[in-house]
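Chemist: Pasting a structure here, questions to come.
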Amino acid sequence: MSQPVGITITGSARLGDTPLFAPVTLPIAAGGWTCLLGASGVGKSTLLRLIAGLETGVDFTGTVTADDAQPLQGRVAFMAQNSLLLPWATVLDNVAIGARLRGERPDRARAEELLARVGLADQAHKKPGALSGGQHQRVALARTLMEDRPVVLLDEPFSALDAQTRAGMQDLAHDLLQGRTVLLVTHDPAEAARLADHLFILTPQALTPVPVPPSPAPRPVDDPETLTAQGQLFRQLRGAA
Amino acid sequence: MRGLHGIFAALLLLAVWQAVIWLAGPPHFILPSPARTATALWDNRALIGEHALITLWEVLLGLLIGTLLGIATAIHLALSPGARALLRPILVFSQAIPVFALAPVLTLWLGYGIVSKIAMAVLIIYFPVTSAFFDGLMTTPRGYLDLAQTMGAKNGSILRHLRIPHAIPSLGSGLKLAAVYAPIGAVIGEWVGSSNGLGYLMLLANGRAKIDLMFAAVLVLGALSMGLYLAVDAGINAYMRRREN
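If you want it as structure tokens, here you go:
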């Protein structure tokens, strides 16, 4: 992996004639976790997709720039709520799919090592159908790490998991994505309060920076300061709606 | 359980047939009894078997060629917007012409032999196979394609590792339809002009008022089509189970 890189996205988006979000500037600090919190449909995922260079279906006026002024293409990995595992391929082949898609030879040893790091070494030759939802996201995380990109975009990757599994996945992801520039899009105040080094709330009116609890992320689920922050975030979200 | 239902349905059909014989008492050259048909089937087993084998060949070769052509066409259509714009109207138009109407022309061009019947079977299954597989190729989940894009995937690799595997179940549905349609194509071809096959045998028996033989040939054709469908269905289902387990 090359040096972590910061990113700034500035601009506004319209969906036909309706504004999706007002002009915003979202700085994503190099090598840390930036959380973008907001209700569904407010354009969080759109911002993330714009950074990933994916199709959004909106008219975006603005810029996405990396701190080093180099193009972002090829430096971004992407993980979504849906694990996007291929049901017909083994877990190992799913982890190594990026190389296959680029027409390169997959590094199976590395894929196996990453599977071991997400705790699924013994599931390598199973198909995703035999795995639980939490395990799916672990495989997706291994696949994301396999790409070894300095920027990782997470679009609600833990939302479909039960609370216990979600907390475990948050810890694991935070541990394994150390040193990378991470943008986490979420609608869950608890997740934002636990994981954010930098936190923003997106509403149709504005993008507002919010202070995060002083202790380093990932914060314990029962940390009083984190719980207070979670409550305040929830209040802010409800106030905005 | 499914097999049991099938046997029950066959027995029910047989009972209705026999009931009509008892109640209406039609002359045997209008509607032969099940027993009479069974006798005709047994007495002519060599003759029927010989013609059935030819029809089976036509159907199998038609299925094979039609499927390969369908797969190739669907992939071309999926890859090239130009091909889509040009070929899709032609494909749809080709479906507007009943295959029955083409049978005499095909016989004229390709002769009375097996080739014109294979061509009929190919023509009749080409569209369902192409269209089912094409639909599958065009409905690759957006998420897969997004992921591929961020990974810097090549188009050919996306086709090979995402779009085709994702479209395999759709191709399976197309093949199941094809297994039902292909015998229809072959038999139409045989009716229009041939000296072999179950379709020919039916016409021959009909012309000589051997209605019991005709019924026997129809039964064998039905069994052949059923068997083919069940085999294709079972094969596809087994493959699909294995693929994701």
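As given, the protein sequences belong to chains A and B, one line each in that order. To convert, take the position in the first sequence, counting from 1, and add 79; that gives the working numbering. To convert, take the position in the second sequence, counting from 1, and add 2; that gives the working numbering. C-beta atoms are modelled at their ideal positions from N, C-alpha and C, and glycine is treated no differently.
(1) Can you list the residues of chain B that A/Lys206 reaches, using a CB-CB cut of under 7 Å?
(2) Cβ of A/Val155 less than 8 Å from any chain B Cβ?
(3) Please name the residue, chosen from A/Gln82, A/Thr89 and A/Gly122, that lies closest to A/Thr97 on a Cα-to-Cα basis.
(4) If you draw a straight line from the alpha carbon of A/Met158 to that of A/Asp234, how long is it in whole angstroms?
(5) List the residues that DSSP assigns as beta-bridge partners of A/Thr104.
(6) Which ranges would you report for the alpha helix (DSSP H) in the region 146-177 of chain A if only whole runs of at least 4 residues count?
(7) Considering only C-alpha positions, which residue in the set B/Thr152, B/Ile56, B/Leu203 and B/Thr41 is nearest to A/Ala131?
(8) May I have the straight-line CA-CA distance separating A/Phe279 from A/Ala272, to the nearest angstrom?
(9) Can you name, in chain order, every residue of its own chain whose Cβ lies under 6 Å from the Cβ of A/Ala175, other than the five neighbours on each side?
(10) Identify whether B/Phe102 lies in helix, strand or coil by the three-state DSSP scheme.
(11) If you reduce the DSSP assignment to three classes, tell me which class B/Pro91 lands in.
(12) Note down the Cα distance separating B/Ile126 from B/Gly51, rounded to an integer number of angstroms.
(13) So, with DSSP's three-state summary, where would you put B/Leu63?
(14) Can you name the residues that DSSP bridges to A/Gly141?
(15) Please classify B/Ala236 as buried or exposed, where buried requires at least 16 neighbouring CB atoms within 10 angstroms.
(16) Around the C-beta of A/Glu323, are 16 or more other C-beta atoms found within 10 angstroms, so that it is buried, or is it exposed?
(17) Which residue comes first and which comes last in the beta strand (DSSP E) that contains A/Pro288?
(18) Checking 8 Å against the spacing of the C-beta atoms, do B/Thr57 and B/Leu226 come in under that value?
(19) Do A/Arg187 and A/Leu171 have their CB atoms nearer than 8 Å?
(20) Do A/Leu232 and A/Val143 come within 8 Å of each other at the CB atom, strictly closer than that value?
Modeler: Working from what's here:
(1) For A/Lys206, the chain B residues whose C-beta falls within less than 7 Å of its own C-beta are Glu246 and Asn247, listed in chain order.
(2) So, interface residue.
(3) Minimum Cα distance to A/Thr97 is reached at A/Gly122.
(4) A straight-line Cα-Cα distance of about 6 Å links A/Met158 and A/Asp234.
(5) Within the DSSP bridge table, the entry for A/Thr104 names A/Thr89 as partners.
(6) Runs found: 170-174.
(7) Ranking B/Thr152, B/Ile56, B/Leu203 and B/Thr41 by Cα distance to A/Ala131 puts B/Thr152 first.
(8) So the two alpha carbons sit approximately 11 Å from each other.
(9) For A/Ala175, where only same-chain residues beyond five positions count, the Cβ hits under 6 Å are Pro185 and Ala190.
(10) Helix, per DSSP.
(11) The answer is helix: DSSP assigns B/Pro91 an H, G or I state.
(12) Distance between the alpha carbons of B/Ile126 and B/Gly51 is about 25 Å.
(13) If DSSP states are grouped into helix, strand and coil, B/Leu63 belongs with the helices.
(14) Partner(s): A/Gly90.
(15) Looking at its Cβ environment, which holds fewer than 16 other Cβ atoms inside 10 Å, B/Ala236 is exposed.
(16) Outside the displayed span of chain A (80 to 320) sits residue 323 of chain A, for which this structure offers no information.
(17) Its beta strand (DSSP E) spans residues Leu286 to Val289.
(18) At a Cβ-Cβ threshold of 8 Å, B/Thr57 and B/Leu226 count as neighbours.
(19) Yes, Cβ-Cβ distance for A/Arg187 and A/Leu171 is below 8 Å.
(20) Their beta carbons are not under 8 Å apart, which means A/Val143 does not touch A/Leu232 by this criterion.
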